[in-house]
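Under this note's numbering, residues 7 to 563 are what the sequence shown spells out, in order.
From the three backbone atoms N, C-alpha and C, an ideal C-beta is built for every residue, glycine too.
Note that the structure is a prediction, hence the values are computed from the model and not measured.
As C-alpha cells, the structure follows; a few thoughts come after it.
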Amino acid sequence: MAGLSKITMKINTDASSLMFYTLVLLAISIPLSEFGMSISQFILLGIWIFQGNDAYMPQGFEKKSRLHRFFITIRNAAMTLPGKFRMLFNNPAAMVVVSLYLLHVAGTLYSSDLDYALKDLRIKLPLLSLPVILATTQGLSGGRFRRLMTFFTLAVFTGTLASIYVLLTKNVSDPRELSIFISHIRFSLTICFAIFILIYFLIRKKFKYKVYRYIIAAGILWFLLFLFILESITGIFITGLLTLIFLGYYIFTARGQLLRLSVAVLGILLTVASVYYFRSFVKDFTSASPVDISTLDKYTEFGTPYIHDTCAYGIENGQYVGLFLCPTELRHEWNKRSKLSYDGADKKGHELNYTLIRFLHSKGYRKDARGVRKLTDAEIRHIENGVANVDYLEKFNLRSRFEQIAMGYSNYIRHGDPNASSVMQRFEYWKTSIHIVKKHWLTGVGTGDLNDAFYKAYNETESKLQEDYRKRSHNQFLAIFIAFGVFGLAWFLFTLIYPALKLGKFSDYYYVVFFIIIFMSMLTEDTLETQAGATFFAFFNALLLFGRRRHSDALAD
7 MAGLSKITMK
17 INTDASSLMF
27 YTLVLLAISI
37 PLSEFGMSIS
47 QFILLGIWIF
57 QGNDAYMPQG
67 FEKKSRLHRF
77 FITIRNAAMT
87 LPGKFRMLFN
97 NPAAMVVVSL
107 YLLHVAGTLY
117 SSDLDYALKD
127 LRIKLPLLSL
137 PVILATTQGL
147 SGGRFRRLMT
157 FFTLAVFTGT
167 LASIYVLLTK
177 NVSDPRELSI
187 FISHIRFSLT
197 ICFAIFILIY
207 FLIRKKFKYK
217 VYRYIIAAGI
227 LWFLLFLFIL
237 ESITGIFITG
247 LLTLIFLGYY
257 IFTARGQLLR
267 LSVAVLGILL
277 TVASVYYFRS
287 FVKDFTSASP
297 VDISTLDKYT
307 EFGTPYIHDT
317 CAYGIENGQY
327 VGLFLCPTEL
337 RHEWNKRSKL
347 SYDGADKKGH
357 ELNYTLIRFL
367 HSKGYRKDAR
377 GVRKLTDAEI
387 RHIENGVANV
397 DYLEKFNLRS
407 RFEQIAMGYS
417 NYIRHGDPNA
427 SSVMQRFEYW
437 KTSIHIVKKH
447 WLTGVGTGDL
457 NDAFYKAYNE
467 TESKLQEDYR
477 KRSHNQFLAI
487 FIAFGVFGLA
497 WFLFTLIYPA
507 LKLGKFSDYY
517 YVVFFIIIFM
527 SMLTEDTLET
537 QAGATFFAFF
547 NALLLFGRRR
557 HSDALAD
C-alpha cells in the first residue's frame, strides 16, 4: 500500500498536468480507437474551459454550498474565456489554421444536402477545437513532448501487434483487413510518423542507456517490416521519399567528408536498386518471350482446338496469358465444379472466365479441361472469390501487390475497365473530379453536395465503375476544389503553408516529417474526410505549431 501511495502522489492534478494526460490519451487513441479520439477531445475541451478558474476564486470558496460553488465555477469559466479568445485572435497563424474549418462552415450556406453538410462538420470538428485549445494553452515542455511522442509510438506498435494477431488467427485474403482500428491508409501514415520519431530519438540519443537505443533500432526495423506486411504502397513510398530527402539534407550539412560520401553512396545505391527492381518488374508485364504460334499445339488432348491469343489477355510474368486457351472446355469443366457461372462474375464483380484464365496461367497450367481438373477445391474457392493469380495468396509478398496494379492498368488500357484495381479506380475518381471541377470551378458545390455531384458525374461520363466502387475524389486537393471552388482551394493551400512559415516550423524536424506525410497522403487520399484522418492531421498540426515550448528540435540543430 505504501508503494501505491507513492505512485499516486506522483500523479499531478493541476490543470496543465490533466491537459497533458488527456493529450496522451488522444495521441494513443489515434491509431487504436475512434471512440477514444472522441472522448479525449471532450475531456480536453472541458479542461480548457475551466482552466484558469482559480484566479477568480473568492475567499471561503470551500465553505459555500455545492450549488453556490457550481455557479461560481461557471461564472469563473465565463470570465476566463474572453482572455483565451483574445489570445487566439492575436495569433494570426492560429486564426489561419482555424479558418479551414470556417471554410467548411461557409460551404454549408449553398449546400442543398444540409444533413450531409452537418455530418461533415461533425467529422471535421477537430480542425476547429484542437487548434483553438492548443494555441491558447501553455505549450508542453521538451520532456513532456517527448513522452507524448513516445506514447504515440507505443500505441502504433500496439496496433501492429493486434494486426499480427489477426494475421495469425484468421484467414486474411486482403492485407487491408489487418488494420482493425482505423483504415489501413491512415494506419500506414501513423506508422510512417512513428518511424521518423524513433529515428530522431536514435540520432539525438534522447535515451541515455544503450539498451534503449537497441530497442529503438529494433522498433524502426519492425515498423518498416510491417509496412511490407500491410502491403501499403502509400506508406512505403512516403517512407522512401522522406529517407531520400533527409539523406540529401545530411549530404550537404554533414561536417565530415567521409560521412557525406557514405550517405551519398547509400542514397545512390538505394535509388539504383529501386529503379532496377521496377524496371525488371515492368519488363515482365510489357514484354514477352518471342512465340512462334505455328509450333504450338493446335488441339487439346480431347481434340478441341486451341486459341493462341497474344492481344486480348495481355502479358503476365513475361508470357502471353492467352496461349493454349480453350473456352469450350473451360466452360464445361468449370460449371461442373462451381455454382458460379463461367460466363458470370466472381465475388469481386469481375468476369469470372478472365479470373480463371489468369489463375491457370499463374499456375503454369493450360487453359483447358485438364487445367481446370488440376485445380484443388481450395483453389476453386479462391477463383470464385476473385483471386486471379496464385501469387496473390502468398503473405508478405509486395511484388504481388505491384502485379495487381500492373494487371489493373493493362485491363484499364485495353478495355477501359477500372474495376480490377484500386489504383485504376483512383484514375477514374480523378477523371470524374475534373469533370465536376469544370462545371463548378468558381464556387464549388458546397460542403454537403459532394456525394450528389459525384453521383451525377459518374452517370454523365458513363463511367464503367461498378456502384460499389463509385467513391469520391481520393485526393484532398480535388475534394476541396470541388466543394469550394478555385478560391477555396487557394485558401486551403494557404492554411497549410502560411502558419508554418509564420512560425518558422519548416526548420523543425518533426513538423517537416509530418507535413510531408500529410501532403503526400492528400495526393492519393481524402485525408480529412474521416474521423481518424481529420484527427491525426488536426492534432499533430496544432501540437507541432502551437502545443510545445520553443526548444532545440530544429533540423539544423
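ask   = So, helix, strand or coil for residue 351, using DSSP?
value = Reduced to three states, the DSSP call for residue 351 is strand.
query = Is residue 102 closer than 8 Å to residue 501 when the C-beta atoms are compared?
reply = Going by C-beta atoms, residue 501 is nearer than 8 Å to residue 102.
inquiry  = For residue 369 and residue 396, which I take to be in contact (beta-carbon distance under 8 Å), what is that distance rounded to the nearest angstrom?
reply    = About 6 Å separates the CB atoms of residue 369 and residue 396; that is less than 8 Å, so the two are in contact.
query = With burial defined as no fewer than 16 other Cβ atoms inside 10 Å of the residue's Cβ, what is the status of residue 552: buried or exposed?
reply = With 16 or more other Cβ atoms inside 10 Å of its own Cβ, residue 552 counts as buried.
ask   = DSSP state of residue 562, grouped into three classes?
value = Interpretation of residue 562 is limited by its pLDDT of 41, a score under 50 that renders its predicted location unreliable; the figure taken from the coordinates is listed afterwards. Here residue 562 sits in coil by DSSP.
Alpha helix (DSSP H) segment containing residue 331, residue limits = First-last for residue 331: 328 to 331, but that is the beta strand (DSSP E), not the alpha helix (DSSP H).
task = Look at the alpha carbon of residue 535 and the alpha carbon of residue 227, and state the distance between them as a whole number of angstroms.
result = Rounded to whole angstroms, residue 535 to residue 227 spans 31 Å at the Cα level.
task = For the beta strand (DSSP E) holding residue 315, just list the boundary residues, first then last.
result = Run containing residue 315: 313 to 315, per the beta strand (DSSP E) assignment.
request  = For residue 203, collect the residues of the same chain with a Cβ closer than 6 Å to its Cβ; drop the 5 residues on either side in sequence, then sort them by chain order.
outcome  = Cβ within range, chain order: 155 and 159.
ask   = With a cut-off of 8 Å, do at least 3 Cβ pairs link the region 310 to 328 to the region 341 to 348?
value = As far as the Cβ criterion goes, the region 310 to 328 does not touch the region 341 to 348, which means the pair count is below three.
query = Cα-Cα, which of 428, 294 and 466 is closest to residue 440?
reply = Among 428, 294 and 466, the Cα nearest to that of residue 440 belongs to 466.
message = Which same chain residues end up closer than 8 Å to residue 522 when comparing Cβ atoms and leaving out the 5 residues on each side of it in sequence?
response = Exclusion of the five residues before and after residue 522 leaves 244, 247, 248 and 251 as the residues of its chain whose Cβ lies within less than 8 Å of its Cβ.
request  = Entirely within the region 358 to 385 and at least 4 residues each: give me those alpha helix (DSSP H) ranges in chain order.
outcome  = For the region 358 to 385, whole alpha helix (DSSP H) runs of length 4 or above, ordered along the chain, are 358 to 369 and 375 to 380.
Check: residue 142 C-beta below 7 Å from any heavy atom of the ligand ADP = Summarising the ligand content, the structure contains no ligands, and the ligand ADP is consequently not present.
message = So within the region 512 to 537, which uninterrupted beta strand (DSSP E) runs reach at least 3 residues, ignoring any that extend past its ends?
response = Secondary structure within the region 512 to 537: not one fully enclosed beta strand (DSSP E) run of 3 or more consecutive residues is present.
Best match in 85, 547, 393 and 428 for proximity to residue 503 [C-alpha to C-alpha] = Distance check between residue 503 and each of 85, 547, 393 and 428 places 547 closest, using alpha-carbon atoms only.
request  = Determine, using beta carbons only, whether residue 172 and residue 196 come nearer to each other than 8 Å.
outcome  = The answer is no: Cβ separation not under 8 Å.
inquiry  = Quick check: the Cα distance between residue 430 and residue 411, rounded to an integer number of angstroms?
reply    = Within the model, the alpha-carbon separation for residue 430 versus residue 411 is close to 8 Å.
message = residue 451 and residue 489 - do their beta-carbons sit closer together than 8 Å?
response = Going by C-beta atoms, residue 489 is nearer than 8 Å to residue 451.
ask   = In chain order, what residues of the same chain lie with their CB nearer than 7 Å to the CB of residue 53, ignoring the 5 residues before and after it?
value = Closer than 7 Å at the Cβ level, and outside the excluded window around residue 53, lie 21, 24, 25 and 28.
key: Contained beta strand (DSSP E) runs [length at least 3] in the region 29 to 60, N- to C-terminal order   = Entirely contained in the region 29 to 60, not one beta strand (DSSP E) run reaches 3 residues.
query = What did DSSP end up calling residue 468 once you bin it into helix, strand or coil?
reply = Taken through DSSP and simplified to helix, strand or coil, residue 468 comes out as coil.
Endpoints, the alpha helix (DSSP H) within which residue 103 is located = First-last of the alpha helix (DSSP H) with residue 103: 98 to 113.
task = Along the alpha helix (DSSP H) that carries residue 121, what are the first and last residues, could you check?
result = Counting along the chain, the alpha helix (DSSP H) containing residue 121 begins and ends at 120 to 129.
query = Given residue 356, which residues of its chain have a CB within under 8 Å of its CB, disregarding the five upstream and five downstream residues?
reply = For residue 356, same chain residues with a beta-carbon under 8 Å away, outside a window of 5 residues either side, are 392, 394, 425 and 426 in chain order.
query = Alpha carbon to alpha carbon, what distance is there between residue 36 and residue 542?
reply = Cα to Cα, residue 542 sits roughly 6 Å from residue 36.
query = In angstroms, rounded to a whole number, what distance separates the CA positions of residue 570 and residue 432?
reply = Here the chain covers residues 7 to 563 and nothing more, so residue 570 does not appear.
Residue burial classification, residue 512 (beta-carbon count within 10 angstroms, cutoff 16) = Residue 512 sits exposed, since fewer than 16 C-beta atoms from the chains shown fall within 10 Å of its C-beta.
query = Which partner residues does residue 305 have in the DSSP bridge list?
reply = In the DSSP assignment, residue 305 forms a beta bridge with 311.
message = Taking contact to mean 3 or more Cβ pairs, one atom from each stretch, closer than 8 Å, check whether the region 177 to 197 and the region 233 to 244 are in contact.
response = Yes: the two stretches touch, three or more of their Cβ pairs being nearer than 8 Å.
query = Going by other Cβ atoms of all chains shown within 10 Å of its Cβ, with 16 needed for buried, is residue 130 buried or exposed?
reply = So residue 130 ends up on the buried side.
task = Check whether the Cβ atoms of residue 132 and residue 459 lie closer than 8 Å to each other.
result = Contact: no.
query = Do you know whose CA, among 86, 472 and 481, lies nearest residue 443's CA?
reply = The candidate whose alpha carbon is nearest that of residue 443 is 481.
inquiry  = Once DSSP output is grouped into helix, strand and coil, what is the label at residue 144?
reply    = For residue 144, the secondary structure class from DSSP, reduced to helix, strand or coil, is coil.
task = Check the C-beta distance from residue 329 over to residue 378 and give it rounded, since I have them as a contact under 8 Å.
result = Not confirmed; about 16 Å, so no contact.
request  = Look at the alpha carbon of residue 208 and the alpha carbon of residue 215, and state the distance between them as a whole number of angstroms.
outcome  = Taking the straight line from one Cα to the other gives about 11 Å.
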